[in-house]
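Participant: Each residue of the sequence shown is one higher than the last, beginning at 9 in the numbering used here. I'd like to ask you about the structure that follows.
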Amino acid sequence: MQKFTEILPENQNTAVALGFFDGLHIGHRNVIKLAVNEKQNGLLPVCFTFSQSPKSILNKTPANALMTEADKMNTLEKLGVEHMIEADFLSVKDMSAHLFFEEILVKKLQAKKLFCGFNYHFGKNGEGNAEMLEKLCKQHEIELTVISPATVQGQVVSSTLIRSLIQSGKISLANKLLCSRFGFSSIIEYGRQLGRRIGTPTINQPLCKELVVPKFGVYVSAVTLESGKTYCGVTNIGIKPTVGGTVPLCESWMPEYDGEEIYGQTADVRLIDFIREEKKFASIDELKSAIAENGKTALKIFENQNS
9 MQKFTEILPE
19 NQNTAVALGF
29 FDGLHIGHRN
39 VIKLAVNEKQ
49 NGLLPVCFTF
59 SQSPKSILNK
69 TPANALMTEA
79 DKMNTLEKLG
89 VEHMIEADFL
99 SVKDMSAHLF
109 FEEILVKKLQ
119 AKKLFCGFNY
129 HFGKNGEGNA
139 EMLEKLCKQH
149 EIELTVISPA
159 TVQGQVVSST
169 LIRSLIQSGK
179 ISLANKLLCS
189 RFGFSSIIEY
199 GRQLGRRIGT
209 PTINQPLCKE
219 LVVPKFGVYV
229 SAVTLESGKT
239 YCGVTNIGIK
249 PTVGGTVPLC
259 ESWMPEYDGE
269 EIYGQTADVR
279 LIDFIREEKK
289 FASIDELKSA
299 IAENGKTALK
309 IFENQNS
């Protein structure tokens, strides 16, 4: 997939999927797939998005993203997107809706078909909506398809909903809406070696700063090492109160891993299900027993998920 920041090199009519696509959840994918399908009609499928979260910039809040930039790129490629424009939001945030439509969609992208979600907004302060977009498209003979909201269990799927699910530990449902497992890749760092001393050696990783922080607690996870092999993981997200921790991090024990040390390597951790909340135990022995039970639970869930 080719990524551009402003304009496509090809002088070709396009079918454009519009949105920020945080997490690439089921609703986003419905929009993107329609644009990708237009390749068979001679149009160049393009995904138009931004390099920064418009909401976080306008509201001056942390992005709390659902997916890393690398994961977003890889997923878009798997969905068949060949061209993506990742524009600088700051460069267009003060454009009126009409100017954004004329300068970006008509002139730069040469759009002939547009696809967006029901709640898509554009232009300064989000003044443009799907209804305005429809009127502008008719004036320029551009075909517009507005996708109805995707619903699961009676709830409208949105990035806001999924973020809330992750923050409340409902990771299994969040993954279902994301159509993928929430997680990240990062370097394995040296820890205090406590896990090794009590028979459950762990890998320690810093939390990804750009992502939403999951509810503190213990999760079943899938841990993929640089070797390419994936193991069942018992992952603690939190501060490890039993041993006096203060900095939130990701710590994973792989019950079935007995290989060499992997400090300094990259591990990919994907959360599968929530086991229990983080707890301060009265003793290390009590912690050790809890970890052993968590391991049994994790292995059962992991096997069921991968059978």
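Just so you know, even glycine gets a beta-carbon here, dropped at the ideal spot from N, CA and C. Source: prediction; values computed, not measured.
Just confirm the distance between the C-beta atoms of A275 and Q213, as a whole number of angstroms; I'd bet it's less than 8 Å.
Facilitator: The Cβ separation is near 7 Å, so the contact holds.
Participant: Any idea what DSSP makes of N212, helix, strand or coil?
Facilitator: Strand at N212.
Participant: Could you tell me which whole alpha helix (DSSP H) segments of length 4 or greater appear in the stretch 136-173?
Facilitator: As far as the stretch 136-173 is concerned, its whole alpha helix (DSSP H) runs of at least 4 residues are 138-147.
Participant: Keeping to the same chain, check which residues put their C-beta closer than 7 Å to that of A298; ignore five residues upstream and five downstream.
Facilitator: Once the five neighbours on either side are set aside, the close Cβ partners of A298 are F289.
Participant: Which residues in the same chain have their Cβ closer than 6 Å to the Cβ of Q201, if we skip the five residues on either side of it in sequence?
Facilitator: Cβ within range, chain order: n/a, list empty.
Participant: DSSP three-state call for H36: helix, strand or coil?
Facilitator: The answer is helix: DSSP assigns H36 an H, G or I state.
Participant: CA-CA distance, K115 and N183?
Facilitator: Distance between the alpha carbons of K115 and N183 is about 38 Å.
Participant: From the DSSP output, read off the bridge partner residues of Y239.
Facilitator: Its beta-bridge partners are V231.
Participant: State yes or no: is the C-beta of T250 within less than 8 Å of the C-beta of S229?
Facilitator: Cβ distance not < 8 Å, so T250 and S229 don't count as in contact.
Participant: What do you get for P157, buried or exposed, if any count of 16 or more other CB atoms within 10 angstroms of its CB means buried?
Facilitator: Under this definition P157 is an exposed residue.
Participant: Return the bridge partner residues of D281 from the DSSP annotation.
Facilitator: Answer is V228.
Participant: Between which two residues does the alpha helix (DSSP H) carrying S373 extend?
Facilitator: With the chain represented from 9 up to 315, any question about residue 373 goes unanswered, as that position is not in the structure.
Participant: Please state whether DSSP places Q273 in a helix, a strand or coil.
Facilitator: Note: Q273 maps to coil in three-state DSSP.
Participant: Please list the terminal residues of the continuous beta strand (DSSP E) segment that includes P53.
Facilitator: Element bounds for P53: L52 to F58.
Participant: Alpha carbon to alpha carbon, how far is E110 from N21?
Facilitator: Rounded to whole angstroms, E110 to N21 spans 15 Å at the Cα level.
Participant: Do the CB positions of G303 and G225 come within less than 8 Å of each other?
Facilitator: The answer is no: Cβ separation not under 8 Å.
Participant: Would you say F123 and L42 are within 8 Å of each other, going by their C-beta atoms?
Facilitator: In this structure, L42 lies closer than 8 Å to F123 by Cβ.
Participant: Looking at the secondary structure, which residues open and close the beta strand (DSSP E) in which M92 lies?
Facilitator: Looking at the DSSP string, the run of the beta strand (DSSP E) that includes M92 is H91 to A95.
Participant: Tell me which residue opens and which closes the alpha helix (DSSP H) that L295 is part of.
Facilitator: Per DSSP, L295 belongs to the alpha helix (DSSP H) from I292 to Q313.
Participant: May I ask you to report which of helix, strand or coil DSSP gives N244?
Facilitator: DSSP places N244 in strand when its eight states are reduced to three.
Participant: Using DSSP bridges, identify the partner residues of G125.
Facilitator: For G125, which the question treats as bridged, DSSP gives the partners I155.
Participant: Hey, could you find the ends of the beta strand (DSSP E) Q25 is sitting in?
Facilitator: Checking the sequence, you will find Ala at residue 25 rather than Gln. From DSSP, the beta strand (DSSP E) with A25 extends over T22 to L26.
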